[in-house]
Structure formats: structure tokens, C-alpha cells
Amino acid sequence: DVKVTQSSRYLVKRTGEKVFLECVQDMDHENMFWYRQDPGLGLRLIYFSYDVKMKEKGDIPEGYSVSREKKERFSLILESASTNQTSMYLCASTKTYRQTQYFGPGTRLLVL
Amino acid sequence: AQTVTQSQPEMSVQEAETVTLSCTYDTSESDYYLFWYKQPPSRQMILVIRQEAYKQQNATENRFSVNFQKAAKSFSLKISDSQLGDAAMYFCAYMDSNYQLIWGAGTKLIIKP
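This is the structure:
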């Protein structure tokens, strides 16, 4: 079975802090994604990566950056956390774009 | 731009009965994929079913089936013999020609014992 893990289930940070969210997949998937999930808005794509060191902006990249130094690991960085970044963050991966995306358990981030 | 609409924020169904969750989408493309994902409380998002637009036959997975109406741009999910474990948020998603998923807002499904 594909396994996608995220470094934390819950995080509480203060405004202005730098926040790192990490995602690891164990199935040698090329493509990895970071989504933000808010009630009534579904999932919105922040960034995705189709290869090591490659990244593409999604629909809402402002205030976020990403890093993919190894194939299995995709990090989401909030350079200076703000209260409007309080949300659930979901990581996903897939072998090829047309295949099913496999999700991690999510990180619920609260920025105070 | 493509959009996905789930008009039912919440649905409830008696255990063992059948429920249908609606999803409509807007696109000018002819080749695409559609998905239903399930997110149980505090658990991971998992794929329920997928449909390729070029296939006329509706996809089925055990108790889950879809009613895909391409001309009407409708993609509803039917759950037969509802079970307590079916309680979850259900998301409809459209995959565009750039292979990006566009998500609906979700429907919360409540199963009454």
C-alpha cells in the first residue's frame, strides 16, 4: 500500500514564525502536491512538484514556498506565518498525473 | 475556468438505505477524469471511484456507483446499503487537461443508525 506521512497532525505557531510542514511518500512517486483545505472551499492547490528540485505554483502560492531535495520528500514552508494561514494542509502524491492521488493524514495548523 | 459544484453541504441517510450525492461541473474540454474522494473524520482522504469521460459506462465499486451524464455535466455518487463506516466528507473532483484536480466544496454524509 502507498503510504504518505506528514510530520505533524497538529501544530500551533505564532504570527511571524517560520513554519515547516514535511511530507514523505514511500512509493517512488514522481509527483507530489500540497493542498490547503478550508470548510466550504474544498481543497485548493498551493504547489506541486513533478521531479526533484522542480516545483510549480498552484492556485494559491502566495505566502508559501516549497522544497523538494529528495524524491520521497516534499516540504511546505510558511516564511512568516499569518493568522489567515490557519488551515488543514494535505499532502498527496501520484506516480503519473492521470493516476489516483494518495493523501497523507493532514496537518491542522493554528496560527495565533 | 473549470468549476465543480456540490450543492448539498450535508446529507443524512438511514443505515442500510441508499443515498445519492450530487456533483456538477463546468468545462469545455471533452477528455477528462472525474473522481469521488472520501474523508472520514480525522482520517485520510481516500479514493472512492473514478470515471474517464470517454467511457460511457458508469463506474462501480462494490456499493458505490456513479451516474455520469456527460452532456448535463453531472457526476452523482450513489451509495447503496449505507453503513456506519460510510460517514465522512465526500468530495467530487475534476481533473483538467493539465492534470490538476479541481475540487468541490464537499458534502458531509451522516449515517443514522
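Respectively, the protein sequence lines represent chains V and X. When you read off a place in the first sequence, starting at 1, and then add 45, the result is the number in our numbering. When you read off a place in the second sequence, starting at 1, and then add 1389, the result is the number in our numbering. Just so it is clear, CB atoms sit at the ideal spot from N, CA and C, and this is done for glycine as well. As the structure is a computational prediction, the values presented were derived from the model and not from experiment.
query                                                                                                                                       : result
Between the CA atoms of X:Ala1476 and X:Met1434 - distance to the nearest angstrom                                                          : 13 angstroms
Three or more C-beta pairs below 8 angstroms linking the region 1462-1469 of chain X and the region 1395-1409 of chain X                    : yes
Beta carbon of V:Gly87 nearer than 8 angstroms to that of X:Gly1493                                                                         : yes
Beta-bridge partners of V:Arg89, as assigned by DSSP                                                                                        : V:Arg81
Option nearest V:Ser112 by Cα separation, candidates V:Arg89, V:Ile105 and V:Ile122                                                         : V:Ile122
C-beta atoms of V:Thr139 and V:His74 nearer than 8 angstroms                                                                                : yes
Simplified DSSP assignment, three categories, for X:Asp1475                                                                                 : helix
Buried/exposed call for X:Gln1395, threshold 16 Cβ in 10 Å                                                                                  : buried
Sufficient close CB pairs (3 or more, under 8 angstroms) joining the region 49-65 of chain V to the region 86-104 of chain V                : no
X:Gln1428 to X:Phe1480 span [Cα, whole Å]                                                                                                   : 8 angstroms
Contacts around V:Gln146, its chain only, beta-carbon distance under 6 angstroms, and the 5 residues preceding and following it disregarded : Ala137 and Thr139
Whether X:Ala1442 touches X:Tyr1426 by CB criterion (8 angstroms)                                                                           : no
Reduced DSSP secondary structure (H/G/I, E/B, other) of V:Asn76                                                                             : strand
Spatial distance of X:Ala1448 from X:Gln1440 (CA atoms)                                                                                     : 6 angstroms
Closer than 8 angstroms to chain V by CB, X:Met1434                                                                                         : yes
Proximity winner among X:Val1402, X:Ser1419, X:Pro1502 and X:Glu1404, relative to X:Ala1460 (alpha-carbon distances)                        : X:Ser1419
Given X:Gln1397 as reference, the closest of X:Asn1487, X:Ile1438 and X:Met1478 once Cα atoms are compared                                  : X:Met1478
Run of the beta strand (DSSP E) containing V:Leu157, from where it starts to where it stops                                                 : Per DSSP, V:Leu157 belongs to no beta strand (DSSP E) and is neither H nor E.
Integer-rounded CB distance, given that V:Leu154 should sit under 8 angstroms from V:Ser132                                                 : 6 angstroms
Reference X:Asp1415; option with closest CA among X:Leu1498, X:Ala1482 and X:Lys1462                                                        : X:Lys1462
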